[in-house]
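Protein chains in written order, with this note's numbering: chain V, 151 to 473; chain W, 1417 to 1761.
Heads up, the beta-carbon is just placed ideally off N, CA and C, and yes, glycines get one too.
Take a look at the structure below.
Okay, structure coming up:
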C-alpha cells in the first residue's frame, strides 16, 4: 500500500542506473567552462566540489561521505557532501539550484534519472562540469559516470548463487523495491546468469518493502509458501541480513543458501557464521572519492572517462577483511 | 399440570427471543462489517492456499501484525479523541534505536527499555501540548514532530545502522533477555510480540470501554465543546491520548529492535504512520473523532496482516499486490460504512 511512498523515501538503494553509459572520454578543452571557475583553477585556489547524494539518510550515505571527506583532505579541494533526507527529487533539485553560484564542479547521484536530467543540463550550460556517480543519468549532458555496472553486478551475484548451489536448486530473488530501475537492472543480470544454468529455477521475485520488520515478514511468508526454495538471492543491502536471519532462526543454515549485497554489520556477522555464503560490496567510499577525483582531474586538464568502481566479493573465507 | 404446560409452552418462545436478541446485538455491533470482510478473506485464502490455515502460518501472521497492532491501539485513542498523530513511525524508530544503542553501550535491560519508553512519553507529551494548549492542529503539530524526531534519530546514529550484538558491546545476558522480548516464545509456542499485542489490546479495550477516561475520550471526540460544558477537561483527555500513543509507538519500536535486532534511522518505521492509521480506519474508527473500538482496530490490523500474508502465499506479483492492498482497504471501509447505514436505517 505504502510502497510508493517508501520507494520515494528510499533505503539502501544505491543505484538506479542501467549500465555504465558509454560516454566518450572528455577533456576540459572541449567544455565551455564558466570564466570564474577557469580563473579559480588558474589561481590554484581550492575548488568547491559538491557531491550530491540521493538520500543522505540511508545506510550508504556515511560511507560515500567518508570517501568525499578523504578526497577533501587528499586532493586539496573543498569537497562538500550534500543531498536530501529521504529520496526527495524536489529537495535535491532545490539544494543544487541554491548552491549553483558556489560550485566549481558537481557530482550527482540522482533521486530520479528523469527528474534530475534537466537540472544537470542547466548546470552544464552554466559552465559547471557535472559527472554522475553511483546512479547514472545517461540521457543528460553529464560528462562521465563513476559507479557499479548494475547488470554486471547482478550477473556476478547470479554466478555466485549458481556456484554455492552446485548448479542445482530453486531460487527466490528478494528486493526492497522491485519497480526501481536499479533493482530491475540487477534482477536482469541475475536472471541472465541463472538462466544459463539448467538445474536452477528462479521461482519468484519477492518485493519486501523497506521497513526491516516488513522485509523479514515478507521473506517468512514466502518461504512458508514454497518450502522447496533452496536459494535466496537478495538484490540489495537490506533484505540480505533479513534473509540470513530467517535462515538462521529456522535451522536452515547450509540448506538454504543466501547470496546478497553489501557489508552491513549484520550481514558481515552472518557471512562469518556461514549463514550467508556470499555478499557483494559496491565500495561506496570509493565511489565518493572517485566522484571528486574525476572532477578535479577534469578541471586540471586531464581527459576523463567512465569508471567502473567494481565489486568486492566476500565469502566466509575472506570476510575478516571487512570486519 | 396446567402450570407446567404453560411453562413448557413459554420456554421455546423465550429461547427464540434470546437468540433473536443475540442476533440483533451481533448485527448492531459496529465491528460486524469488518469482521465479515476478514472472514471472507480467511475463507478464500484457506481454499486457495495449502499453508494459510497451518498453525505456523497463523502464528506468523499474529507476530507480523503485533507491532502494527500495538501502535494501532494507541492510534484508536487519538482518532476517537478527534486528533491524529503522524509522528508514530519516527517515535518507533527513535525509541527502538535509543534502547538498542544503550544496550550496546553496556546498559542493563530495564534502564535501556525504560529510556526508550520515556522518549515515547515525552514525544506524546509534546504532541499533546502543541495540539491542545498550543492550539495547533494535530495534523500539523505531529507532522512537524515526525520530521524532528526522525532528524534526531539520524543525528544520534549518524545515519549508520544500529545492530545490537555482543561484538558491538552488549552484555551477553542483557542481549539474551532483550532478544527474548522480541524473538522469544511464551510456553515455546506463542511469539512474545503477539503476547505484548494481546496484553496491550486487552488493557486498551478495558480502558476505552470500561473506565471514565474511556468515556471522556469518546465525549471529547464527539464534541469537545459539549464535553467541556459537561465539565470534562478536553485538553487533558487529549493530552493523555497522545501520551498513550507515544508510549505504545515506543514499545513497538523497542520490540522491533529486539526482534531484528538491527535498525536504521532513515528506514526503520518509515511510512508506518499511514499503515497504522489505515488499520484503525479499516477497523471502523472515524477520522473525525468520536467513533471507534479497540476490537474493530484489532480486526482492522488483522485484515492488513492477513492480506499481506495471503498475497505472498498466493504468489501474486509485487505490482499487483499494491493494487490489491489499496482495493481491500477501500472495500473493507465501504462495507463497514454501508452496513452501519443499513443498521441505522
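Considering residue 407 of chain V, what are the terminal residues of the beta strand (DSSP E) in which it resides? 407 to 411
Backbone secondary structure at residue 1683 of chain W - three-state DSSP: coil
Give me, in chain order, the residues of the same chain whose beta-carbon lies closer than 6 Å to that of residue 384 of chain V; leave out the 5 immediate sequence neighbours on both sides. 324, 390, 393, 410
Taking only the alpha-carbon atoms, compute the straight-line gap between residue 1741 of chain W and residue 1698 of chain W and give it to the nearest angstrom. 12 Å
Among W:1488, W:1474, W:1451, W:1563, which has the Cα closest to the Cα of residue 1660 of chain W? W:1488
Reference residue 1516 of chain W; option with closest CA among W:1455, W:1680, W:1482, W:1492: W:1680
What are the residues that DSSP puts in a beta bridge with residue 403 of chain V? V:406
For chain W, find out if any of its Cβ atoms is closer than 8 Å to the Cβ of residue 403 of chain V; answer yes or no. no
In this structure, does DSSP put residue 1508 of chain W in helix, strand or coil? helix
Please state the DSSP three-state secondary structure of residue 1732 of chain W. coil
Just grab the DSSP bridge partners of residue 184 of chain V for me. BP columns for residue 184 of chain V are empty, so no partner.
Which ranges would you report for the alpha helix (DSSP H) in the segment 326 to 350 of chain V if only whole runs of at least 4 residues count? 331 to 345
Going by DSSP, which residues form a beta bridge with residue 1602 of chain W? W:1606
My output table needs one value for residue 383 of chain V: the three-state DSSP class, helix, strand or coil. strand
Segment contact, 8 Å Cβ cut-off, at least three pairs: the segment 348 to 363 of chain V with the segment 1684 to 1691 of chain W: yes
According to the neighbour-count rule (16 or more other Cβ atoms, all chains shown, within 10 Å of its Cβ), is residue 182 of chain V buried or exposed? exposed
Test: residue 169 of chain V CB closer than 8 Å to a CB of chain W: Model confidence at residue 169 of chain V stands at a pLDDT of 35, short of 50, so the residue's coordinates are unreliable; what they give is reported in the following sentence. Chain W contact via Cβ: absent.
Would you mind stating whether residue 1565 of chain W and residue 1495 of chain W have Cβ atoms separated by less than 8 Å? no
Are the CB atoms of residue 1546 of chain W and residue 366 of chain V nearer to each other than 8 Å? no
Shorter than 8 Å from the beta carbon of residue 1558 of chain W to some beta carbon of chain V? no
For residue 462 of chain V: DSSP bridge partner residues: V:431
Under a CB-based cut-off of 8 Å, is residue 209 of chain V close to chain W? yes
Residues of its chain near residue 1490 of chain W, where Cβ-Cβ distance is below 7 Å and the 5 sequence neighbours each way are ignored: 1660, 1661, 1664, 1665
Same chain, Cβ closer than 8 Å to residue 1746 of chain W, five either side skipped, listed in chain order: none
Using three-state DSSP, classify residue 200 of chain V as helix, strand or coil. strand
Pairwise C-alpha distance: residue 319 of chain V and residue 364 of chain V: 26 Å
Consider the Cβ of residue 1684 of chain W: report whether some Cβ of chain V lies at a distance smaller than 8 Å. yes
Report yes or no: is there a C-beta of chain V within less than 8 Å of the C-beta of residue 1583 of chain W? yes
Which residues of chain W have a Cβ atom closer than 8 Å to the Cβ of residue 391 of chain V, listed in chain order? 1678
Excluding the 5 residues preceding and the 5 following residue 315 of chain V in the sequence, name in chain order all residues of the same chain whose CB lies nearer than 7 Å to its CB. 350, 380, 381, 407
For residue 472 of chain V, go through chain W and note every residue whose CB falls closer than 7 Å to its CB, in chain order. Near residue 472 of chain V there are no residues of chain W at all, since even the closest Cβ is about 13 Å away, more than 7 Å.
Check whether the Cβ atoms of residue 419 of chain V and residue 1583 of chain W lie closer than 8 Å to each other. yes
Cβ-Cβ separation, residue 295 of chain V to residue 278 of chain V (assumed contact under 8 Å), whole Å: Contact flag wrong, Cβ pair sits at about 17 Å.
Quick one: grab the DSSP three-state call for residue 210 of chain V. coil
Going by alpha carbons, who is nearest to residue 440 of chain V out of V:187, V:259, V:310, V:247? V:259
Residue 1449 of chain W to residue 1467 of chain W, Cα distance in whole Å? 26 Å
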